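Asks: Please find one structure pasted underneath; my questions will follow.
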Amino acid sequence: MQKNILLKLGIPVLIAIIAVSIFLIKPFAREHEQLKDIRVITESEQNAKSVSSQFGSLLKKEQVLVGVLPTSSQPLAKSTKIVYDIFNVESIDSAALEARMSGFIKQVRRHKMLSDIKQDILYTTSRL
Amino acid sequence: MKKISVACILFVGVVASVLYLSVVPAYAQDVSFDSIYQRYVSIADTFKKNIETGGVTFLQQKEYFTVVAELFLAQNQIMRTDLLEKQQTAEVRFIISELESDIVELSDVVASIAQASDETELVEAIQKITAYIDSYASQVRKPTLLIYTDQFITEIITPAQDRYDAMKEIIAQAKQDGKNVSTLEALLDITRLRLYEARGLLADIQRMLSSEAYSLDVIEKNMQQAQSVVTDIYDGFKELSLKAGALFSR
Numbered sequence: 023m024q025k026n027i028l029l030k031l032g033i034p035v036l037i038a039i040i041a042v043s044i045f046l047i048k049p050f051a052r053e054h055e056q057l058k059d060i061r062v063i064t065e066s067e068q069n070a071k072s073v074s075s076q077f078g079s080l081l082k083k084e085q086v087l088v089g090v091l092p093t094s095s096q097p098l099a100k101s102t103k104i105v106y107d108i109f110n111v112e113s114i115d116s117a118a119l120e121a122r123m124s125g126f127i128k129q130v131r132r133h134k135m136l137s138d139i140k141q142d143i144l145y146t147t148s149r150l
Numbered sequence: 247m248k249k250i251s252v253a254c255i256l257f258v259g260v261v262a263s264v265l266y267l268s269v270v271p272a273y274a275q276d277v278s279f280d281s282i283y284q285r286y287v288s289i290a291d292t293f294k295k296n297i298e299t300g301g302v303t304f305l306q307q308k309e310y311f312t313v314v315a316e317l318f319l320a321q322n323q324i325m326r327t328d329l330l331e332k333q334q335t336a337e338v339r340f341i342i343s344e345l346e347s348d349i350v351e352l353s354d355v356v357a358s359i360a361q362a363s364d365e366t367e368l369v370e371a372i373q374k375i376t377a378y379i380d381s382y383a384s385q386v387r388k389p390t391l392l393i394y395t396d397q398f399i400t401e402i403i404t405p406a407q408d409r410y411d412a413m414k415e416i417i418a419q420a421k422q423d424g425k426n427v428s429t430l431e432a433l434l435d436i437t438r439l440r441l442y443e444a445r446g447l448l449a450d451i452q453r454m455l456s457s458e459a460y461s462l463d464v465i466e467k468n469m470q471q472a473q474s475v476v477t478d479i480y481d482g483f484k485e486l487s488l489k490a491g492a493l494f495s496r
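Respectively, the protein sequence lines represent chains X and L. With the first letter of the first sequence counted as 1, position 87 gets the number 109 in this note's numbering; the numbers rise by one all the way through. With the first letter of the second sequence counted as 1, position 144 gets the number 390 in this note's numbering; the numbers rise by one all the way through.
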């Protein structure tokens, strides 16, 4: 009797647990796959970045060894030894350039302000 | 325990001061110009209203012309500091010496206005400042902007062109070696056009500054455009760098 009751209750409960598990686990599995994909993409992106930046430092070391390290005043990429330095991501940092460029624009703006003041003075001195 | 706390506070204070002193001077001058300009706007507003109602006092005149001289003084000091950091060509050295003598002259004007005890003395000081402002556009503004434009080309456009030429050479070599460089060539082509555009904008500014009359609004617009184009060029370099890195690593 007890066995029957257990069977009658146990089987639906078991089925319910399996169904819930399938519904819950499936999205997690999909997310896990997506995460794996993202990881692969990120890793290859990082590899590409590090490969290109490593070229620069490796070649610099090499140039130091053979005594041909270029100075900043030398033209770029005339020697095959500094070829990959041109593609070094670290050397293409435009933040300093941005600062210099916006400095110029600020200068022009200040000149504009002073030019407006000249108009003000022409007006005020004519009325004094 | 107390001693340790005091030492910690002192240490933090010293570190904060060092950081403040090393970072702030870079833009402190701009802040100074902006704050003087704000003061100018407020004083000029009241001054104009009072002129219209015929009620300008001697002290208000002193206040107005002092802030005007202080603004030109601040601008000259900013330009002098900027130019001292640039490559010291003969033109740059000449402008710096001009700015230095102008700074002395404007400081004297500020002092004369402060010391003026009657209308006659004040009028003399006002005449000096108005004469200075009359000559400012041709004697200071124009040569300074020309120097800035030349140095923008030397310091920003030319290195970008050099990098482009070098990349082009390497990619052409890789193509000869049988590598597929079509993506890199397409990126190079975009960069070439952008460089051409940036040079054109700067050449326009030079041309404008060489003529008698020029518009500061147009110069500002061209510079903003040039800045955006140069940013695009460097973004292109970064992309080329990443793609080329992967290509040459194989």
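Even glycine gets a Cβ: it sits at the ideal position worked out from N, Cα and C. Please read these numbers as outputs of a predicted model, since none were measured by experiment.
(1) Expressed to the nearest angstrom, what Euclidean distance is found between the alpha-carbon atoms of D450(L) and V314(L)?
(2) Based on Cα-Cα distance, which residue from L391(L), T400(L), T335(L) lies nearest to R131(X)?
(3) When burial is assigned at 16 or more other CB atoms within 10 Å of the CB, is I14(X) buried or exposed?
(4) Kindly list the residues whose CB is nearer than 8 Å to the CB of L455(L), restricted to its own chain and excluding five residues on each side of it in sequence; keep chain order.
(5) When we look at the beta-carbon of L441(L) and count the other beta-carbons within 10 Å, is it buried (16 or more) or exposed?
(6) Output needed for E485(L): all residues of its chain with C-beta closer than 7 Å, excluding positions within five of it in sequence on either side, in chain order.
(7) Could you give the first and the last residue of the continuous alpha helix (DSSP H) run that contains G125(X)?
(8) In three-state terms, what does DSSP make of T477(L)?
(9) For a test of your reading of the model: does the CB of G301(L) fall under 6 Å from any non-hydrogen atom of the ligand MN? Yes or no.
(10) Going straight from the alpha carbon of Q307(L) to that of G482(L), what length do you get?
(11) My output table needs one value for G32(X): the three-state DSSP class, helix, strand or coil.
(12) Using the Cα positions of H133(X) and F318(L), report the straight-line distance between them to the nearest angstrom.
(13) Under DSSP, the alpha helix (DSSP H) around R387(L) begins and ends at which residues?
(14) Determine whether the Cβ of S278(L) lies closer than 7 Å to any Cβ atom of chain X.
(15) Go to E309(L), then tell me how far its alpha helix (DSSP H) extends in each direction, as first and last residue.
(16) What does the alpha-carbon distance come out to for the pair E401(L) and Q407(L)?
(17) Using a Cβ-Cβ distance under 7 Å, would V270(L) count as near chain X?
(18) Along chain L, in chain order, which residues have C-beta atoms closer than 8 Å to that of G125(X)?
(19) Which class does A357(L) belong to by DSSP, given the choice of helix, strand or coil?
(20) Measuring alpha carbon to alpha carbon, tell me which of K295(L), E370(L), I359(L) ends up nearest L305(L).
(21) Whole-angstrom Cβ separation of I143(X) and I403(L), contact assumed at under 8 Å?
(22) Grab me the residues of S461(L)'s own chain with a C-beta within less than 6 Å of its C-beta, minus the 5 sequence neighbours each way, in chain order.
(23) What does L150(X) reach in chain L if we use C-beta pairs closer than 8 Å?
(24) Have a look at T366(L), E346(L), D328(L) and flag the residue whose alpha-carbon is nearest the alpha-carbon of S124(X).
(25) Which residues, in chain order, does the region 132-149 of chain X contribute to contact with chain L at a C-beta distance below 7 Å?
(26) Put F77(X) into one of helix, strand or coil per three-state DSSP.
(27) Pull up the distance between the alpha-carbon of Q470(L) and that of I127(X), whole angstroms please.
(28) Closer than 7 Å by C-beta to I63(X): which residues in its own chain qualify, once you throw out the five before and the five after it? Chain order, please.
(29) Give the secondary structure of S363(L) by DSSP, where H, G and I count as helix, E and B as strand, and everything else as coil.
(30) Thinking C-alpha only, which one of S343(L), D291(L), I297(L), K414(L) is nearest Q385(L)?
(31) Consult DSSP for V464(L) and reduce its assignment to one of helix, strand or coil.
(32) How should Q141(X) be labelled, buried or exposed, when 16 other C-beta atoms within 10 angstroms of its C-beta is the threshold for buried?
(33) Count the other CB atoms, across all protein chains shown, that sit within 10 Å of the CB of L330(L); report buried if there are 16 or more and exposed otherwise.
(34) On a Cα-Cα basis, can you pick out the residue from V356(L), D291(L), Q397(L), F311(L) that is closest to V202(L)?
(35) Check V427(L) in the structure and name its three-state DSSP category.
Replies: Taking the coordinates as given:
(1) Residue mapping note: residue 450(L) aligns to position 204 of the second sequence, counting from 1. Residue mapping note: residue 314(L) aligns to position 68 of the second sequence, counting from 1. Rounded to whole angstroms, D450(L) to V314(L) spans 31 Å at the Cα level.
(2) Taking the first residue of the first sequence as 1, we reach residue 131(X) at position 109. Ranking L391(L), T400(L), T335(L) by Cα distance to R131(X) puts L391(L) first.
(3) Here chain X comprises residues numbered 23 to 150, so residue 14(X) is not present and cannot be evaluated.
(4) Within the second sequence, numbered from 1, the residue matching residue 455(L) stands at position 209. Same-chain partners within the cutoff: K388, L391, L392, T395, I465.
(5) Within the second sequence, the letter at position 195 stands for residue 441(L). So L441(L) ends up on the buried side.
(6) In the second sequence, counting from the first residue as 1, residue 485(L) sits at position 239. Only L433 meet the Cβ criterion.
(7) Taking the first sequence and counting its residues from 1, one reaches residue 125(X) at position 103. Taken as a continuous stretch (DSSP letters only), the alpha helix (DSSP H) holding G125(X) covers 117-149.
(8) Taking the first residue of the second sequence as 1, we reach residue 477(L) at position 231. It is helical.
(9) This structure simply doesn't include the ligand MN, nor any ligand for that matter.
(10) Stepping through the second sequence from its first residue, residue 307(L) is reached at position 61. Stepping through the second sequence from its first residue, residue 482(L) is reached at position 236. Distance between the alpha carbons of Q307(L) and G482(L) is about 55 Å.
(11) Along the first sequence, one-based indexing puts residue 32(X) at 10. Helix.
(12) For the purposes of this step, residue 133(X) is identified with residue 111 of the first sequence, where counting begins at 1. For the purposes of this step, residue 318(L) is identified with residue 72 of the second sequence, where counting begins at 1. Taken atom to atom, the span from the alpha-carbon of H133(X) to that of F318(L) is near 9 Å.
(13) Taking the second sequence and counting its residues from 1, one reaches residue 387(L) at position 141. Counting along the chain, R387(L) falls outside any alpha helix (DSSP H), and DSSP gives it neither H nor E.
(14) Taking the second sequence and counting its residues from 1, the one referred to as residue 278(L) is at position 32. No - not a single Cβ of chain X is within 7 Å of the one on S278(L).
(15) If you number the second sequence from 1, residue 309(L) lands on position 63. Per DSSP, E309(L) belongs to the alpha helix (DSSP H) from 304-330.
(16) Against the second sequence, residue 401(L) aligns to sequence position 155. Against the second sequence, residue 407(L) aligns to sequence position 161. When rounded, the distance between both Cα atoms is 11 Å.
(17) In the second sequence, the residue the question calls residue 270(L) occupies position 24. The predicted position of V270(L) is uncertain, since its pLDDT is 43 and thus under 50; a value taken from the coordinates is nonetheless stated next. No, V270(L) does not count as interfacial toward chain X.
(18) Taking the first sequence and counting its residues from 1, the one referred to as residue 125(X) is at position 103. The answer, in chain order, is D328.
(19) Mapped onto the second sequence, residue 357(L) falls at position 111. Helix at A357(L).
(20) Along the second sequence, read from residue 1 onward, the residue named residue 305(L) stands at position 59. When only C-alpha atoms are compared, the closest one is I359(L).
(21) Numbered from 1 along the first sequence, position 121 holds the residue referred to as residue 143(X). Numbered from 1 along the second sequence, position 157 holds the residue referred to as residue 403(L). With a Cβ gap of about 37 Å, I143(X) and I403(L) do not count as contacting.
(22) Stepping through the second sequence from its first residue, residue 461(L) is reached at position 215. There are no such residues.
(23) In the first sequence, residue 150(X) corresponds to position 128, counting from 1. Residues of chain L passing the Cβ test: I297, V302, Q307.
(24) For the purposes of this step, residue 124(X) is taken as residue 102 along the first sequence, with counting starting at 1. For S124(X), the nearest C-alpha among the options comes from D328(L).
(25) R132, H133, K134, M135, L136, S137, I139, K140, D142, I143, T146, T147, R149
(26) If you number the first sequence from 1, residue 77(X) lands on position 55. Residue placement at F77(X) is poorly supported in this model, since its pLDDT is 35, which falls under 50; the coordinates still yield a value, given next. Helix.
(27) For the purposes of this step, residue 470(L) is identified with residue 224 of the second sequence, where counting begins at 1. For the purposes of this step, residue 127(X) is identified with residue 105 of the first sequence, where counting begins at 1. Between Q470(L) and I127(X), the C-alpha separation is close to 7 Å.
(28) Here residue 63(X) is taken as the residue at index 41 of the first sequence, counted from 1. Confidence at I63(X) is low in this model, with a pLDDT of 43, below 50, so the placement of that residue is unreliable and no value is reported for it.
(29) Within the second sequence, residue 363(L) is the residue found at index 117, counting from 1. Three-state result, S363(L): coil.
(30) Numbered from its first residue, the second sequence carries residue 385(L) at position 139. Q385(L) has its Cα closest to that of S343(L), out of S343(L), D291(L), I297(L), K414(L).
(31) Here residue 464(L) corresponds to residue number 218 of the second sequence, with the count starting at 1. V464(L) falls in the helix class under three-state DSSP.
(32) Against the first sequence, residue 141(X) aligns to sequence position 119. Looking at its Cβ environment, which holds fewer than 16 other Cβ atoms inside 10 Å, Q141(X) is exposed.
(33) For the purposes of this step, residue 330(L) is identified with residue 84 of the second sequence, where counting begins at 1. L330(L) comes out exposed.
(34) Outside the shown range of chain L (247 to 496) lies residue 202(L), about which nothing can therefore be said.
(35) Within the second sequence, the letter at position 181 stands for residue 427(L). V427(L): coil per DSSP, three-state reduction.
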